[in-house]
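In this note's numbering, the protein residues as written are 25 to 204.
Yeah, the Cβ is synthetic: ideal placement off N, Cα and C, and Gly gets one too.
Nothing here was measured: the structure is a model prediction, and the numbers come from that model.
Working notes, structure below.
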């Protein structure tokens with residue numbers, strides 16, 4: 025697979041995976057969403073040139089996502105009906121989406137590296153839009169949209185560049201780096 029094909033496949037896999045996981049999370053098929061993401065992330069890791077580094081990035085993203093989304097649930101900013109393991113934690117399928125997002129950092133979102141302002145804006149816009157889209161699909165309820173979207177904007181504006189920085193340290197796809 026060429027560099028361009030890998031990047032495009034990674035981008036499309038994220039889009040399809042996100043949509044299917046959110047739709048599954050909106051109903052009683054939430055485990056199917058997590059299972060799908062697990063298969064997609066395993067396939068992604070299988071293609072990594074530096075498996076261990078890519079695994080470390082995904083685990084770190086999972087831990088960040090678990091903390092962040094569980095905080096939003098605990099504060100009552102987000103409410104989920106399906107997939108909750110504990111009432112103060114984000115559902116398993118949301119945490120799975122963090123692994124899927126992490127799988128893009130060294131491939132289709134590689135272009136964000138060393139573009140900190142762009143990464144900040146990307147997170148500030150894209151993060152809240154993903155949750156808003158999830159709400160429109162029935163996967164999450166946002167009781168106070170203004171407060172939640174403001175919190176999501178600030179959180180993702182910080183987390184996206186932080187995750188990009190981690191992806192520089194834990195890069196399982198260094199062969200995709202263009203020579204300058």
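Excluding five sequence positions before and after residue 167, the CB atoms of its chain that fall closer than 7 Å to its own CB belong to 100 and 103, given in chain order. In the three-state scheme derived from DSSP, where H, G and I count as helix and E and B as strand, residue 103 is classed as strand. Taken in chain order, the complete beta strand (DSSP E) segments of 3 or more residues contained in the segment 146 to 191 number zero; there are none. Collapsing the DSSP output to three states places residue 34 in a helix. By the beta-carbon neighbour count (other beta carbons within 10 angstroms, threshold 16), residue 83 is exposed. Taking 8 Å as the cut-off, the Cβ atoms of residue 85 and residue 122 count as close.
Ranked by Cα distance from residue 151, the first of 184, 124, 74 and 141 is 184.
Rounded to whole angstroms, the separation of the alpha carbons of residue 91 and residue 178 is 15 Å. Residues of the same chain with a CB within less than 7 Å of the CB of residue 136, apart from the 5 flanking positions on each side, are 142, 143, 146 and 188 in chain order. Annotation: the continuous alpha helix (DSSP H) that includes residue 85 extends over 75 to 98. For the set 118, 70 and 180, the Cα lying nearest the Cα of residue 56 is the one of 118.
It is roughly 25 Å from the alpha-carbon of residue 80 to the alpha-carbon of residue 112.
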